[in-house]
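Sequential numbering from 77 applies to the sequence shown in this note's numbering.
Where a beta carbon is used, it is the ideal one built from N, C-alpha and C, also for glycine.
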Amino acid sequence: LEALLRFARPIASGLVKEFFTDGLWEAVPASWREPLEALPLRSLAELLSGRGSVDVPPGSPAWPLSLLAFVAACHAERLPGQLETATPASAVANGRCAEEALLDKQLRRAVNPKKMHEIVRLGALADRLGRAAGCDEMVDVGSGQGYLSRALAFEHSWTTVGVEAVSSNVVAARKIDDAVRPKLRSQLEARQPLAPLRHVAAWIPPGMSPSELRAIIAPGEQCVLCDEAEGEEAATPPSSPPPPPPPPPPRL
């Protein structure tokens, strides 16, 4: 699995726009590109799904063994149930994605299907791992406008802190909280309480110690890394420490 990921990382980690701006398609082996380009879109979708054989048009270039092995390895190493639909198609609200039926409409306001998929899947995974580990609180680092944080607090009843570097996102997250919390309280609290949710604007450097992180997420605590002013575009990083004083001159 490690070798497979190392080989595919340039493509798997790339954004769609980078196929145009950075030429990611050129990172695909040359012997693969011609047969893949000859496939119709429907056949490409069948290739990704792994369900049955792929309909290769007559006269298409032959597939090299390395491409066949790569496709087989991807499907052999994928997570169990990864390509299964969470709910039947008939239960999909508005026909957008299966996850709509699993997320309250107040928590999917202005959320596209891709983001909805992330919120539902990551929320369920974090809930399961948090309970197995005996955690008391969730910290969503890089929380953006708080969509996953909101699902953890209001759908899964976790006390949650969202930490986000861009202060305008924190302001937007709090506004969304204020808009959806009253409606969710009347809908959800009959079966589960709405857990506390806070959003903090903070910049977290790679070398931050656990005690510094706890100082950021502690209720009511302020920190030099935090800047919750609405007009600021991003939380202010800590200033660099002053250089050490020069060593004393040698004694003669």
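Practice problem: Assign Gly222 to buried or exposed, taking buried as 16 or more other Cβ atoms, counted over all protein chains shown, within 10 Å of its Cβ. | Solution: Position 146 of the sequence shown, counting from 1, holds the residue named residue 222. By the neighbour-count rule (16 or more Cβ atoms within 10 Å), Gly222 is buried.
Quiz item: Do Ile280 and Val239 have their C-beta atoms within less than 8 Å of each other?
Solution: In the sequence shown, residue 280 corresponds to position 204, counting from 1. In the sequence shown, residue 239 corresponds to position 163, counting from 1. Result yes, Cβ atoms of Ile280 and Val239 sit closer than 8 Å.
Quiz prompt | Per DSSP, the bridge partner or partners of Val104 | solution = Residue 104 sits at position 28 when you count from the first residue of the sequence shown. For Val104, which the question treats as bridged, DSSP gives no partner whatsoever.
Quiz item: My guess is that Arg329 and Val256 are in contact by the Cβ rule of under 8 Å, so how many angstroms apart are they, rounded?
Solution: What the structure shows of the chain is the stretch from 77 to 328, and residue 329 is not part of that stretch, so it cannot be assessed.
Practice problem: Could you say which of Ser233, Gly199 and Leu205 lies nearest to Leu224 if we only look at CA atoms? | Solution: Locating residue 224 in the sequence shown gives position 148, where the first residue counts as 1. Nearest C-alpha to Leu224: Gly199.
Quiz prompt | One or two residues paired with His275 in a DSSP bridge | solution = As a first step, residue 275 is located in the sequence shown; it is residue number 199 there, counting from the start. Answer is Gly238.
Exercise. Could you tell me the distance, in whole angstroms, from the CA atom of Glu259 to the CA atom of Leu143?
Key: Walking along the sequence shown from the start, residue 259 turns up at place 183. Walking along the sequence shown from the start, residue 143 turns up at place 67. With the sequence shown as reference, residue 259 is identified as Lys, and Glu is not the correct amino acid for it. Each residue's alpha carbon lies about 52 Å from the other.
Quiz prompt | Span separating the alpha-carbon of Leu205 from that of Asp212 | solution = By 1-based counting over the sequence shown, the position of residue 205 is 129. By 1-based counting over the sequence shown, the position of residue 212 is 136. One C-alpha to the other measures close to 12 Å.
Quiz item: Comparing alpha-carbon positions, which option in Ala209, Asn245, Val247 and Arg274 lies nearest Ser228?
Solution: Along the sequence shown, read from residue 1 onward, the residue named residue 228 stands at position 152. According to the sequence shown, residue 228 is Leu rather than Ser. The residue among Ala209, Asn245, Val247 and Arg274 with its C-alpha nearest the C-alpha of Leu228 is Arg274.
Quiz item: What is the DSSP secondary structure of Val92, reduced to helix, strand or coil?
Solution: Here the question's residue 92 lines up with position 16 in the sequence shown. Three-state DSSP puts Val92 in coil, outside helix and strand.
Quiz item: When you compare only the Cα positions, how much space is there between Pro282 and Pro111?
Solution: Locating residue 282 in the sequence shown gives position 206, counting from the first residue. Locating residue 111 in the sequence shown gives position 35, counting from the first residue. Roughly 43 Å separates the two Cα atoms.
Quiz item: Looking at the structure shown, is Val168 part of a helix, part of a strand, or coil, going by DSSP?
Solution: In the sequence shown, the residue the question calls residue 168 occupies position 92. Bear in mind that the predicted position of Val168 carries a pLDDT of just 47, short of 50, making it unreliable; the figure below should be weighed with that in mind. DSSP places Val168 in coil when its eight states are reduced to three.
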